[in-house]
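Some notes on the structure that comes next.
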Amino acid sequence: MLESLRNFLTGPRLFIVIAACALPFVFLGSTSLLTPSVANLGSINGERVTEMDFQVAENIVISKLESMYGENFDFSMLDEDLQLNQIKNEVIIQKSLLSQARSLGLLNNTTIETAKKQIMTNPTFQVDGDFDEGVYEVQVNTAGHTKESYIDLVTDLLAIELFKTSILGSFSTENEIIEVASLLEQTVDVDFIKIDSKSLQSNITNTNDELEEFYSANEFMFYSDEQRKFEYILLTSEDYKSKVVIPDNYVNDSYQDYLSKASERNQVRISHIMIDKVNYDSDNNAFNAMQAIESQLLGGADFSMLALEYSDDPVSKEIGGDLEYFAPDLFGEEFDEAIKGLRLNDVSKIVELDSSFHIIKVTEYQEAEILSFDEIKESITSSLVDSESLALMKDDYDIAYDLIDNNSSIDFISTTLSADIKESNMLTKNNFVSDNFDARVRDYIFSPDTEANVPFAIDLDESILVVSLKDINESSLRSLESVSLTANDMLSAQKGKQKQVLLSAEIEVSKADGSLESFIAAYPYVTKDSFINVNRYSSLMPQEIISDIFKQSSGDSISLISNNNDTYIVDVINISQPSNEAIIAIIDDYKGFVEELTSTKINQVISDEVINNANVNFNNNISFTNE
């Protein structure tokens, strides 16, 4: 499969794929839950594996799991070995696919330019709809990237997605769509008897002796959860704002800095014509081609038409070479210098980068509005207060950390920081809700290694927290009196399951001897019904029951238990196939569904293949430690 792709991805096909592909995920790399405990992480297919590779892989894994189980899914709750294995597999997949993408030439100038364009249009890096260089730098630096390394990351991820998209594009044939539609449009006629488990259980009466016997035999089920209480100091940056005094000269200096950077806030929209050196026998020939384009521009030719005809950038050429709004450092120093002196409708001289030549035109230009000191003073002051209050909070965190190192109590830390101590309720690990604290607090409080009255400091970014375990209520056996209702329900459920097995056998006997109707009439929780033309996505019966029915053949009789423990005794009367005419009438409705289904299937195939065939050399001692 991978080899055949080389033949598919040639000439214009490659450019079509790149132009059509949208990067579905760009990971900034949130703070990793787990950090590799060794420096040398190993290699995959000869490529070195870095900590950032693991961080990106972790984010991908979490994203996949959240899409399956919801945004509230907590990855940190999984066993650490399971976390590690999932992340390792994702690293293998990403590195292996990147190697394949590189071998097919998908890591090229076009991919790089596309990555830069996607960064510029990413809302994460925009202010009021426009790319903001300052926001971009802060965001990527916070995530552990430089501006350059983040471009590399996006380029790599884009190349991987191009590779996968290219594979997927060759599947989902018309026959496959017809096959799926035919399968899903099958219908079934059934007779069935249902034993309602809840109704059955409500008819069961348990004696005191039975409850006591059940309780004694299952004491392990009636232990209370361990409960823990803790003390804590919570300080936010807001707590420090009243302590901050900003000198006038600080505000004046900030305003002068604002004035000096006014030109950086100018809105400059640019278009370009790109000549890729790789398409020519020599750099000189590539330069000559660009000179010929330059001559046409000087002769009055339309820039956008020349871009459409000659540019080697498949993404921008179709829109007149438009790169949207310029951002310093995104395209390189040579680009920045060329644009500095340009005004509206100005065209640059030829700009040479390592692998390409460019001519740049300014298509929109708007000078940034310069606010007066009085207009911006309040905003500057507020920003300085925010920054200084955050700095003061971090100073106190350092103080608390040092005090903890010196075995100070939370009371002493409270006095030193002039901060109040609060106290949590008694909490269980599975019911941990306290001031919306995150998993790090829960894991510390409920760790078997945590000692009472030993403080621990946690930096929560916008706040700091000092916690100290105070009390523990050990798990203990609850009395029968306190759990009698629970015990009664559990015993009734147990008896109900046993009764359902017996009833199922009796129903088969009554069907054989002709007494079925009278048998059903004797039990209020047993009902009989018939349905015709039931399809796979019907709501007439539980989906898991319908799914099993369609695995049978006409004439089969089966006994099934639903997820809510109801029993179904089903006679499959007939399974009908849709006509060709019916399939043709609805085929368009299935095309989108089949593409999604196929994508999921092929993605799994790709993942399995690369994991099985990758040359993996991880450090044998690699493990993860909580930060």
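Residue numbers (this note's numbering): 266 to 892.
Heads up, the beta-carbon is just placed ideally off N, CA and C, and yes, glycines get one too.
From ILE325, TYR662, LEU756, residue whose alpha carbon lies closest to that of ASP726: For ASP726, the closest alpha carbon among the candidates ILE325, TYR662, LEU756 is that of TYR662.
Where ASN483 falls, given that 16 or more other Cβ within 10 Å makes a residue buried: A residue is called buried once 16 or more other Cβ atoms fall within 10 Å of its Cβ, and ASN483, having fewer, is exposed.
Coil, strand or helix - ARG608 by DSSP: Of the three classes helix, strand and coil, the one that applies to ARG608 here is coil, per DSSP.
For MET385, the first and last residue of its enclosing alpha helix (DSSP H): Going by DSSP, MET385 is part of the alpha helix (DSSP H) stretching over 374-386.
Integer-rounded CB distance, given that ILE325 should sit under 8 Å from GLU355: 5 Å between Cβ atoms; contact.
Residue range of the alpha helix (DSSP H) that includes PHE568: For PHE568, the enclosing alpha helix (DSSP H) covers residues 568-575.
Whether ASP836 touches LEU825 by CB criterion (7 Å): Their beta carbons are not under 7 Å apart, which means ASP836 does not touch LEU825 by this criterion.
CB of SER712 within 7 Å of CB of ILE675, strictly: No, they are not a contact pair.
Terminal residues of the alpha helix (DSSP H) in which ASN550 lies: Bounds of the alpha helix (DSSP H) holding ASN550 are 548-563.
Cβ pair ILE797, ASP454 closer than 7 Å: In this structure, ASP454 lies closer than 7 Å to ILE797 by Cβ.
For LEU730, the three-state DSSP class (helix, strand or coil): LEU730: strand per DSSP, three-state reduction.
Near the ligand FAD: SER620 beta-carbon under 6 Å from a heavy atom: Absence of the ligand FAD is noted for the structure shown, with no ligands found whatsoever.
Neighbourhood of VAL516 by C-beta, 8 Å cutoff - its chain only, sequence neighbours within 5 removed: For VAL516, the CB contacts under 8 Å within the same chain, skipping 5 residues up- and downstream, are LYS642, ILE645, THR646, LEU649 in chain order.
Among SER328, GLU413, MET806, MET385, the one whose alpha carbon lies nearest that of GLY597: If we check each option's Cα against that of GLY597, GLU413 comes out closest.
6 Å Cβ shell around PHE290 - same chain, five flanking residues per side excluded: Note that PHE290 scores 42 on pLDDT, short of 50, meaning its location in the model is unreliable and no value can be drawn from it.
Reference TYR480, options ASP587, SER744, GLU617, closest by Cα: For the residues ASP587, SER744, GLU617, the minimum Cα distance to TYR480 belongs to SER744.
Whole-angstrom distance between ASN531 and VAL627, CA atom to CA atom: If I take the Cα positions, the gap works out to 12 Å.
Contact set for ASN880: own chain, Cβ-Cβ below 6 Å, skip 5 residues either direction: Take ASN880, set aside five residues on each side of it, and the residues of its chain with a beta-carbon closer than 6 Å to its own are ASN310, in chain order.
Simplified DSSP assignment, three categories, for ASN428: First, the amino acid is wrong: residue 428 is Phe here, not Asn. Three-state result, PHE428: helix.
Inside the stretch 721-780 only - alpha helix (DSSP H) runs reaching at least 4 residues: List check, alpha helix (DSSP H) in window: 749-778.
Contact belief for ILE384 with ILE425 at Cβ below 8 Å, rounded distance in angstroms: Distance from ILE384 to ILE425 at the Cβ level is roughly 16 Å; contact not present, criterion being Cβ atoms closer than 8 Å.
Counted within 10 angstroms of its Cβ, other Cβ atoms place GLY586 as buried (16 or more) or exposed: Around the Cβ of GLY586, a 10 Å sphere holds 16 or more other Cβ atoms; the residue is buried.
Sequence-distant residues of its chain with Cβ nearer than 6 Å to ASP611 (five each side left out): Same-chain partners within the cutoff: VAL627.
ALA322, buried or exposed, once every other Cβ within 10 Å from all chains shown has been counted against 16: The residue is buried, with at least 16 neighbouring Cβ atoms inside 10 Å.
Test item: CB-CB of ALA566 and ILE538 under 7 Å: 7 Å or more divides the Cβ of ALA566 from the Cβ of ILE538.
Close beta carbons around ALA758, own chain, < 7 Å, minus the five adjacent residues each side: For ALA758, where only same-chain residues beyond five positions count, the Cβ hits under 7 Å are GLN466.
Environment of LYS429 [buried if 16+ CB atoms lie within 10 Å]: Sixteen is the threshold: when 16 or more other Cβ atoms of the shown chains lie within 10 Å of the Cβ of LYS429, as they do, the residue is buried.
Classification of PHE229 by the beta-carbon crowding that lies within 10 angstroms, buried from 16 upward: There is no way to answer for residue 229, as the model of the chain reaches only from 266 to 892.
Limits of the unbroken beta strand (DSSP E) element including PHE340: According to the DSSP assignment, PHE340 belongs to no beta strand (DSSP E), since it is labelled neither H nor E.
Between the CA atoms of GLU629 and ILE615 - distance to the nearest angstrom: Cα-Cα distance, rounded: 20 Å.
DSSP state of ASP490 mapped onto helix, strand, coil: Residue state, collapsed to three classes: coil.
Length of the line joining the Cα atoms of SER780 and VAL774: In this model, SER780 and VAL774 are separated by some 8 Å (Cα to Cα).
Contact between the stretch 548-567 and the stretch 629-639 (3+ Cβ pairs under 8 Å): Touching, no.
For ARG313: DSSP bridge partner residues: Answer by DSSP bridge pairing, in chain order: SER308.
Local Cβ density within 10 Å of ALA287, reported as buried at 16 or more and exposed below that: Low local confidence applies: a pLDDT of 41 at ALA287 is under 50, so the model's placement there is unreliable, with the coordinate-based value given in what follows. Counting of Cβ neighbours within 10 angstroms places ALA287 among the exposed residues, the total staying below 16.
Rounded straight-line distance, which links the Cα of ASP548 to that of SER364: Here the alpha carbon of SER364 sits roughly 27 Å from the alpha carbon of ASP548.
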